[in-house]
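Colleague:
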Amino acid sequence: MINPWSSSDFFDYERLKKEFGIEEMNYNFDNFLFRRHLILGQRSIDYIDYALKNSLKFNVMTGLMPSGEMHLGNKSAIDQVIFFQKLGGRVSIAVADLESYSTRGISLEKARNVAIEKYILNYIAMGLEPCEIYFQSKNSDVQFLAYMLGNRTNMNELRSLYGFTDTHDLLHINSPLIQAADVLHTQMKKYGGPAPTIVPVGFDQDPHIRLMRDLSKRMRIFNIQYDRDLIVSVRGKDDPKEFIDLAYDYLSKTYTNVKKDYEYRVVRCEGVSEGDLVKIDLDLANIESKYNDFTFVPPSATYQKLMKGLKGGKMSSSVPDSLISLNDDPKEAKRKIMSGMTGGRDTEEEQRRLGGEPEKCPIFDLYNYEIEDDKYVKEVYEDCKNGRRMCGFCKREIAEKMSSWLSELSKKREEAREKLSLYIHE
Ligand code: TRP
Numbered sequence: 000m001i002n003p004w005s006s007s008d009f010f011d012y013e014r015l016k017k018e019f020g021i022e023e024m025n026y027n028f029d030n031f032l033f034r035r036h037l038i039l040g041q042r043s044i045d046y047i048d049y050a051l052k053n054s055l056k057f058n059v060m061t062g063l064m065p066s067g068e069m070h071l072g073n074k075s076a077i078d079q080v081i082f083f084q085k086l087g088g089r090v091s092i093a094v095a096d097l098e099s100y101s102t103r104g105i106s107l108e109k110a111r112n113v114a115i116e117k118y119i120l121n122y123i124a125m126g127l128e129p130c131e132i133y134f135q136s137k138n139s140d141v142q143f144l145a146y147m148l149g150n151r152t153n154m155n156e157l158r159s160l161y162g163f164t165d166t167h168d169l170l171h172i173n174s175p176l177i178q179a180a181d182v183l184h185t186q187m188k189k190y191g192g193p194a195p196t197i198v199p200v201g202f203d204q205d206p207h208i209r210l211m212r213d214l215s216k217r218m219r220i221f222n223i224q225y226d227r228d229l230i231v232s233v234r235g236k237d238d239p240k241e242f243i244d245l246a247y248d249y250l251s252k253t254y255t256n257v258k259k260d261y262e263y264r265v266v267r268c269e270g271v272s273e274g275d276l277v278k279i280d281l282d283l284a285n286i287e288s289k290y291n292d293f294t295f296v297p298p299s300a301t302y303q304k305l306m307k308g309l310k311g312g313k314m315s316s317s318v319p320d321s322l323i324s325l326n327d328d329p330k331e332a333k334r335k336i337m338s339g340m341t342g343g344r345d346t347e348e349e350q351r352r353l354g355g356e357p358e359k360c361p362i363f364d365l366y367n368y369e370i371e372d373d374k375y376v377k378e379v380y381e382d383c384k385n386g387r388r389m390c391g392f393c394k395r396e397i398a399e400k401m402s403s404w405l406s407e408l409s410k411k412r413e414e415a416r417e418k419l420s421l422y423i424h425e
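First residue of the sequence shown: 0, per numbering that gives the first Met the number 0; consecutive thereafter.
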């Protein structure tokens, strides 16, 4: 089980992927986070690929937990949001103030202040273009949807996903439904209807992703299954004849061998290749959305590798010296980098002879996650491996780069304040 509310240490990514069915990240987006395999896994990224290749609208969704600091460890999700926004994605961002209230006891007022000062101003300073940022506590569409989603899950499921027990309070138990609603509400009619939706997350958020993907299917009238033949099952208490006919008519336009079965409430179709499933699901969702306000296609997710903290372990708010916050004073950031751990050897002689270990090095992670130039980062890696580059040199170099980036960012943050109303519409 993965507990999204604990600040646990590193995950064994490969084991998690196997155990929970997270797929390899095998799409080559033109972005260094993907090129360098810092994004390790995905779920149904083929929906996003399909939207991009066919110039269809798609959503980009994330949420921020308004506690602690925005630091480099949680920055790469926003880097991805900005990347997908540039590709044409429509961005929504939830301030998870209900979640932070229910799971960490943070007041709504404090959450608002932290969200704006420590997170949203940085997002804008980093280059996020105008989009929709909202507070869970103020969004009645999200709250209403969370309520409706509650009709499609039960305590057994939540217990096995999250380890909830009888003593967990109901707000905490409700928070995964709020998060599912954050993501799914972007597909409600009022927000443009069903559309592929990408959610960049860390592995700790996977229980939420599994739950919202399942819920999206449970809200549907049409569900597709594929076992060499396509099977569309039609859900609903009322007589489903009309919907069976709709699915049958749609499939008959493209395929010759389509059969409908009123008794078993299915339409079967032969000769469908696996590559056509995304298109079929999206087409059926569009047909369905005329009748069902809650027609969602399963949201897609990308899973990023956690950045190493400067003290070893993960970069985490609970260890202040482990992290570089985007709000850090540049001098302070320099100090933390200079006193950080490295993947270096005990002596200089040894390092020249054996080379360093960049894969274990938090300082190299700073290059890897923050410097876009592939050629340069590769050079740093190889020079380290070959014993040509010493830790002191790396530290001074990256400390310089990070501190000038931070002082740029703090200037842009002040300009960002003027633009807040283009993001928070209330
Ligand atoms: N639970 C997330 C966190 O702890 C925040 C969050 C709320 C979120 N709603 C979301 C993340 C929707 C992704 C999508 O950081």
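Every residue, glycine too, gets a C-beta built ideally from N, C-alpha and C.
Taking Leu39 as part of the beta strand (DSSP E), name the residues at either end of that continuous run.
Modeller: Ile38 to Arg42
Colleague: Measuring straight from C-alpha to C-alpha, what distance separates Glu68 and Ile223?
Modeller: 42 Å
Colleague: Taking the alpha-carbon positions, what's the Arg151 to Asp140 distance?
Modeller: 17 Å
Colleague: Output the distance between the C-alpha atoms of Pro329 and Lys117, rounded to the nearest integer angstrom.
Modeller: Looking at the two C-alpha atoms, the distance is approximately 16 Å.
Colleague: Give me the Cα-Cα distance between Ile370 and Leu408, rounded to the nearest whole angstrom.
Modeller: 15 Å
Colleague: With DSSP as the reference, label Lys418 as helix, strand or coil.
Modeller: coil
Colleague: Round the Cβ separation of Asp203 and Ile38 to the nearest angstrom and send it over; I've been treating them as touching at under 8 Å.
Modeller: Rounded, the Cβ-Cβ distance is 15 Å, inconsistent with contact.
Colleague: Given a cut-off of 8 Å on the beta-carbon distance, is the pair Val200 and Tyr302 in contact?
Modeller: yes
Colleague: Suppose contacts are defined by Cβ-Cβ distances below 8 Å. Is Tyr225 in contact with Glu273 by that definition?
Modeller: Taking 8 Å as the Cβ cut-off, Tyr225 and Glu273 qualify as a contacting pair.
Colleague: At a cut-off of 7 Å, would you count Ala63 as near the ligand TRP, judging by its Cβ distance to the nearest heavy atom?
Modeller: Just to set this straight, residue 63 is Leu in the shown sequence, not Ala. Flag set: Cβ of Leu63 near the ligand TRP.
Colleague: For Ser431, count neighbouring Cβ atoms within 10 angstroms of its own Cβ and tell me buried if that reaches 16, exposed if not.
Modeller: Nothing about residue 431 can be reported from this structure: the residues present for the chain run from 0 to 425 only.
Colleague: Kindly indicate the opening and closing residues of the alpha helix (DSSP H) around Glu426.
Modeller: Since the first residue shown for the chain is 0 and the last is 425, residue 426 is missing from the structure and cannot be characterised.
Colleague: Please give me, in chain order, every unbroken run of the beta strand (DSSP E) with length at least 3 that falls completely inside the segment 31-84.
Modeller: DSSP runs (the beta strand (DSSP E)) wholly in the segment 31-84: 38-42 and 58-63.
Colleague: Since Gln135 and Asp168 are thought to touch, with beta carbons under 8 Å apart, how far apart are those beta carbons, to the nearest angstrom?
Modeller: Contact flag wrong, Cβ pair sits at about 17 Å.
Colleague: Excluding five sequence neighbours on each side, which residues of the same chain lie with their C-beta closer than 6 Å to the C-beta of Val113?
Modeller: Pro65
Colleague: Tell me, which residues are paired with Tyr249 by DSSP?
Modeller: DSSP output for Tyr249 lists no bridge partner at all.
Colleague: Identify the residues that DSSP records as bridge partners of Tyr100: which are they?
Modeller: Tyr100 is not bridged to any residue.
Colleague: Nearest to Leu412 by CA position, among Lys52, Met125, Lys252 and Asn53, is which residue?
Modeller: In the sequence under discussion, the amino acid at residue 412 is Arg, which differs from the Leu named in the question. Taking only the C-alpha atoms, the option nearest Arg412 is Met125.
Colleague: Contact criterion: CB-CB distance below 8 Å. Does Ala398 meet it with respect to chain C?
Modeller: Any reference to chain C falls outside this structure, which holds one protein chain only.
Colleague: Mind reading off the beta-carbon distance from Leu63 to Ile81? Whole number of angstroms is fine, and I expect it under 8 Å.
Modeller: Between Ile81 and Leu63 the Cβ distance is about 14 Å, and since that is not below 8 Å, they are no contact.
Colleague: Where does Arg42 land, buried or exposed, given buried means 16+ other C-beta within 10 angstroms?
Modeller: buried
Colleague: List in chain order: all unbroken beta strand (DSSP E) runs of 3+ residues lying wholly within the segment 106-146.
Modeller: 131-134
Colleague: Under 8 Å between the Cβ atoms of Arg416 and Leu160?
Modeller: no
Colleague: For a test of your reading of the model: does the CB of Val379 fall under 7 Å from any non-hydrogen atom of the ligand TRP? Yes or no.
Modeller: no
Colleague: Which value, in whole angstroms, describes the spacing of the CA atoms of Met306 and Gly339?
Modeller: 14 Å
Colleague: Is Pro357 a contact residue of the ligand TRP, with contact defined as CB to any heavy atom under 7 Å?
Modeller: no
Colleague: Report, in whole angstroms, the separation of the C-beta atoms of Gly343 and Cys390, which I expect to be a contact under 8 Å.
Modeller: 4 Å
Colleague: In three-state DSSP terms, what is Asn285?
Modeller: helix
Colleague: If you run the structure through DSSP and keep just helix, strand and coil, what is Gly201?
Modeller: strand
Colleague: Which residues does DSSP pair with Phe221 in a beta bridge?
Modeller: Val233
Colleague: Would you tell me roughly how many angstroms separate the C-alpha atoms of Gly355 and Met401, rounded to the nearest one?
Modeller: Approximately 22 Å, taken between the alpha carbons.
Colleague: When the Cα of Asn73 is compared with those of Asp237, Val231, Asn326 and Tyr190, which residue comes out closest?
Modeller: Checked all of Asp237, Val231, Asn326 and Tyr190; the closest Cα to Asn73 is Asn326.
Colleague: Mind checking which residues open and close the alpha helix (DSSP H) that includes Asp181?
Modeller: Counting along the chain, the alpha helix (DSSP H) containing Asp181 begins and ends at Leu169 to Leu183.
Colleague: Is it the case that the Cβ atoms of Lys195 and Asn285 are separated by a distance below 8 Å?
Modeller: Looking at the sequence provided, one finds Pro at residue 195 rather than Lys. The answer is no: Cβ separation not under 8 Å.
Colleague: Judging by CA-CA distance, which residue of Asp237, Asp238, Pro206 and Val257 is the nearest neighbour of Val231?
Modeller: Val257
Colleague: DSSP puts Ser434 in a beta bridge; with which residues?
Modeller: Shown here, the chain extends from 0 to 425; a query on residue 434 therefore has no answer.
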